Structures are given as structure tokens and as C-alpha cells.
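Position 356 of the sequence shown, counting from 1, maps to 356 under UniProt numbering, and the rest follow consecutively.
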Amino acid sequence: MVLIPKTKNLIIFVSLILAFNAATLCNGGITSRFVRKLAAATDMPLNSDVFRVPPGYNAPQQVHITQGDLEGEAMIISWVRMDEPGSSKVLYWIDGSNQKHSANGKITKYKYYNYTSGFIHHCTIRRLKHNTKYHYEVGIGHTVRSFWFMTPPEVGPDVPYTFGLIGDLGQSYDSNSTLTHYEFNPTKGQAVLFVGDLSYADTYPNHDNVRWDTWGRFVERSVAYQPWIWTVGNHELDFEPDIGETKPFKPFSNRYRTPYKASNSTSPFFYSIKRGPAHIIVLASYSAYGKYTPQFKWLEDELPKVNRTESPWLIVLMHAPWYNSYNYHYMEGETMRVMYEAHGFVKYKVDLVFAGHVHAYERTERISNIVYNVVNGICTPVNDSSAPIYITIGDGGNLEGLAKNMTEPQPKYSAFREASFGHATLDIKNRTHAYYAWHRNQDGYAVEADTLWIFNRYWNPVDESTSATA
1 MVLIPKTKNL
11 IIFVSLILAF
21 NAATLCNGGI
31 TSRFVRKLAA
41 ATDMPLNSDV
51 FRVPPGYNAP
61 QQVHITQGDL
71 EGEAMIISWV
81 RMDEPGSSKV
91 LYWIDGSNQK
101 HSANGKITKY
111 KYYNYTSGFI
121 HHCTIRRLKH
131 NTKYHYEVGI
141 GHTVRSFWFM
151 TPPEVGPDVP
161 YTFGLIGDLG
171 QSYDSNSTLT
181 HYEFNPTKGQ
191 AVLFVGDLSY
201 ADTYPNHDNV
211 RWDTWGRFVE
221 RSVAYQPWIW
231 TVGNHELDFE
241 PDIGETKPFK
251 PFSNRYRTPY
261 KASNSTSPFF
271 YSIKRGPAHI
281 IVLASYSAYG
291 KYTPQFKWLE
301 DELPKVNRTE
311 SPWLIVLMHA
321 PWYNSYNYHY
331 MEGETMRVMY
341 EAHGFVKYKV
351 DLVFAGHVHA
361 YERTERISNI
371 VYNVVNGICT
381 PVNDSSAPIY
391 ITIGDGGNLE
401 GLAKNMTEPQ
411 PKYSAFREAS
421 FGHATLDIKN
431 RTHAYYAWHR
441 NQDGYAVEAD
451 TLWIFNRYWN
461 PVDESTSATA
């Protein structure tokens, strides 16, 4: 059928209305108008199948791995045994080989109020070959369990590598949806950059540490097979003087290890690693960061060491976001930003900063706020081609629920924001380009709700500021 001009105009007009309704265009970028079910986030019950204890006497559980050195030639393997300490030996071998190697770890345990942990094992296996599949076994002497992992490619500027990004996960039904969507995402992440807030055990009476155990069993299906790079959040503090618990980070410190000494850090909460084409710096929002503190001095020494010809992508992880247009945790990261932004992130051209804490999603343009002093009063973030893109991905699904209350109008620096649970992937192609995608839980596994081609600040400092489609 041939359309008359008036009909064509009507179709164009309706199409424009529909496109406009897909997102609210404010002073800034896009505030998504996606409508989700507003059900409260609820933790899964203790008898859920995702928390199932593996069968067999003294079977190792809560198995997890993380990078064990600076360049990806070592892996820290951790697990818990409940009945007795058992062996801390790990057997490991290259896929297809009959030659098995062994390494021995160490055992620890801890008490928190009226809870006593199982026997926590940590073992570092070293001298691994790059870009190689390894199998490993734990539970030697009792119930043996087998897993595998891939080592990263050798550090280099043009080796492709894909990271998953998850934050503020918890152990709710929504958390399970987030992890499932990450597992079935056709853009397969090879390691997870985790931006803090793991179990949310501290939301239970007396910080019920049983919820640390259930969380460890819940995420084992991913973290036993690919390394998660840990950032600590406020829910890892577990500082509760009212019940006699005055040592911050006690459960996390006993259960999870980081390779902080490899980057000359003095604390497991701030450190760096190299993985493929990326140099990743992990900062601690809840450790001292003022001038002259260990974290400040470490970062001051670390940034000049980053070799962009070897590791072109400079990525920073933290928990409390510096730029956040939600009315939750607003400006909580401001003092850290003032300390580190100008002479750290902008000076050394950080590509991306990932944070959590706010239980929603937001991506900024490349911005900085470094002109202000106490006299001039200039305190508005501006576009800055030398600055990072800041991404808040605290939308893992924990029981505290979504942060739905946003500041209005949307700031100019905010490119895209949405109050939904989800995860993201960062697919680094080479030294100049990376493809970033955020996925909401309500969509199919392959659906990308926010995307951006990212241009490297050192090798390809082109302006990529654009709002993705809602």
C-alpha cells in the first residue's frame, strides 16, 4: 500500500514520541525509563540449593581463586573444611598432561562473637604458564573436589581480554539472577572485577557469619573457575564494638586473600595487578587515604610505575563512587576525590573507574572537578579528555534493594543512569579500543542495555562522549 504524505508524517511523529518516551532527556544524558517490578529484594533461605553443602566427609567448600602475583603467573586457591583441618595440599596440572604438581598452603580460622569459622585454607600455586588451562584438586585425603581455570595471556598491549564487573552482590534472589546472567552472557568474562560488598552478613543480628559461609558456597560456581579481583566495601568492615568486635575486616581478612605484597603495598585492601592489557589498581574507600597515609604514599609511588606501552589500559576499582547523581551515599567519596583526582587520576590519564556502594547503575562522561579552590568557588564537574569515565555498578542485587531516588535534573556529567540490578562486561580489543556493555537482569542474557566504545587515553585519546541507547 502506498502511504500518502500525511500518513508518513504521522508515523514519523509517533516514532519520535516513542523514542522520547524510552528515556528522559535532562540537562545531562539519559535517565532510563525502563519499568521493572518493584518487589523488595529478599535473601534466599538457608536451605536453597545454591547454598548446598557439597557431599562427602570434610568436603572442601566455598572454593575461590584470585590472582596470586603481579602479572598472572600465580593463583591463590582458597577453601573451607568444616569437620577437621585436613590437608592444605593442592594438586594441579596442565590440561591434557599427566604430570601433576603440588603445593602446600596454610590454615586459619577465626571467631566472631558467638560464631566459630571452619578451617580456612589458602594455597598459592606459582610459575604457571600464561594462556593455559589448568586443572586443580583440593580436599586431598578426604573428599576430593576438582576444578579448573585459565591463566591470562602474557602482559602486553594488544592481547584481547574480557572482564566481568559485579558489585554489591549479596545473596538474594536478585543476586542469583545477576550471577546467572553473568554466567550465561555470550560475551564471556575471563575474570571478575568485584567492587566490594560481598555477603551482607553484617545486615543480620550480630553479623551472623553463617551468611559468609552461604555466600561462599553461592558464588563458588563462578569464582572457583575464574579469579575474582577483590575490592572491600563498607559491608566488609564488620566493626561492631557493641558485641566486642573491634577489628575491622575480620571475616573478610581471614576468608579472602589478595596479592598486595607483589605491588609493594602494606595492606591487602589496596594493591595492583597486571592482567593481559590492563593495569588494575584497587583502592580502599574505608582505609585511611589522606596525605602521608600508607595508601596515599603507595598510590603516589604506584601511578608513575604504570607502563602504558606494556599495559595500556589503566583501570581503578573502589567502593564509594566519586561521582553519583543518586540521593544515596551522595558525596561520600568526595574527600577521597579531592585527594587523588587531579594529581593522580587526571595526571596519569586513568581510563576507567569502577565503583559500587550505590545500588543502581550509572555511567558518566569523561569528567573532572579539579579547578576548585577555597577562593574561586568553581566546583562544577567539566568534560576533560584526560579524565576517566566513572561507572557505578553497585547493582548486584543485595537485600537492601535498589536506589531509586535520583537527583533532578540529571547532571550534565551523567551520561546514563538506571535503577536496575545487573552486571557489566569490559571487552578490551587492543591498545586503542574496548567495548563496554551493561546488562540488566530483566533482559535476555545477550541484551545490552547500555553500551559504549571506549578509546584509550594514552594511545587513542579521542572524545567518545556519547549517551548510549536506553
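Where a beta carbon is used, it is the ideal one built from N, C-alpha and C, also for glycine.
Here the structure is a predicted model, which means the values were calculated and not measured.
What three-state label does DSSP hand residue i in the structure shown?
i           : result
G216        : helix
E362        : strand
D427        : strand
K250        : helix
T203        : helix
D450        : strand
residue 514 : This structure leaves residue 514 out entirely; the chain is present only between 1 and 470.
S368        : strand
N264        : coil
V80         : strand
R457        : coil
I378        : coil
V50         : helix
V210        : helix
K106        : strand
K111        : strand
R127        : coil
F239        : coil
H329        : coil
S222        : helix
Quick check: what's the CA-CA separation for residue i versus residue j?
i    : j    : result
H64  : K429 : 27 angstroms
S420 : R33  : 11 angstroms
T258 : P409 : 41 angstroms
P54  : N47  : 13 angstroms
I454 : N104 : 42 angstroms
F194 : P60  : 23 angstroms
G394 : Y136 : 32 angstroms
S78  : V155 : 25 angstroms
A424 : S102 : 35 angstroms
G244 : A434 : 47 angstroms
P45  : K297 : 44 angstroms
N58  : Y115 : 19 angstroms
M318 : T31  : 24 angstroms
N176 : F218 : 8 angstroms
T451 : T180 : 20 angstroms
I378 : R457 : 25 angstroms
P186 : L169 : 21 angstroms
H142 : G196 : 33 angstroms
In the DSSP assignment, find the unbroken alpha helix (DSSP H) run with residue i in it and report its ends.
i    : result
T180 : 173 to 184
M336 : 334 to 340
Q62  : No alpha helix (DSSP H) holds Q62; the beta strand (DSSP E) holding it covers 61 to 67.
W298 : 294 to 302
At which residues does the beta strand (DSSP E) containing residue i begin and terminate?
i    : result
L91  : 89 to 94
L352 : 352 to 355
E137 : 133 to 138
F270 : Segment: none, F270 is in no beta strand (DSSP E) and carries neither H nor E.
L193 : 191 to 194
V159 : Premise fails: V159 is in no beta strand (DSSP E) and is neither H nor E.
H438 : Note on identity: in this sequence residue 438 is Trp, with His being the wrong assignment. Taken as a continuous stretch (DSSP letters only), the beta strand (DSSP E) holding W438 covers 433 to 440.
W313 : 313 to 317
E464 : Per DSSP, E464 belongs to no beta strand (DSSP E) and is neither H nor E.
Just to confirm before moving on: does the CB-CB distance between residue i and residue j stay below 7 angstroms?
i           : j    : result
I107        : H121 : yes
A224        : W212 : no
residue 515 : F149 : Look at the range of the chain in this structure, 1 to 470, and you will see that residue 515 is not part of it.
P277        : P388 : no
V338        : S386 : no
A342        : I367 : no
S222        : L399 : no
N234        : Y286 : yes
T151        : L128 : yes
Y348        : L283 : no
E236        : H207 : no
I166        : G396 : yes
Y260        : P248 : no
residue 502 : E71  : In the structure as shown, the chain starts at 1 and stops at 470, and residue 502 therefore has no counterpart that could be examined.
Closer than 6 angstroms by C-beta to residue i: which residues in its own chain qualify, once you throw out the five before and the five after it? Chain order, please.
i    : result
Y328 : V358, A403
I281 : S272, V316
P153 : H130, N131, V159, G276
F184 : Y445
I391 : F354, R363
A320 : S285, E332, G333, H357
L314 : H279, V306, V350, D351
Leaving out five residues before and five after residue i in sequence, what residues of the same chain have Cβ atoms less than 8 angstroms from its Cβ?
i    : result
Q99  : W93
S465 : E365, R366, N383, A415
Note down, in chain order, each residue of its chain lying with its Cβ closer than 7 angstroms to the Cβ of residue i, except the 5 sequence neighbours on either side.
i    : result
N254 : T108, Y110, S117, I120
Is there at least one Cβ from chain D nearer than 7 angstroms to residue i's Cβ?
i    : result
N254 : In summary, chain D is missing from the structure at hand, where a single protein chain is found.
Beta carbon of residue i: closer than 6 angstroms to some heavy atom of the ligand FAD?
i    : result
L452 : The ligand FAD is not part of this structure, which contains no ligands at all.
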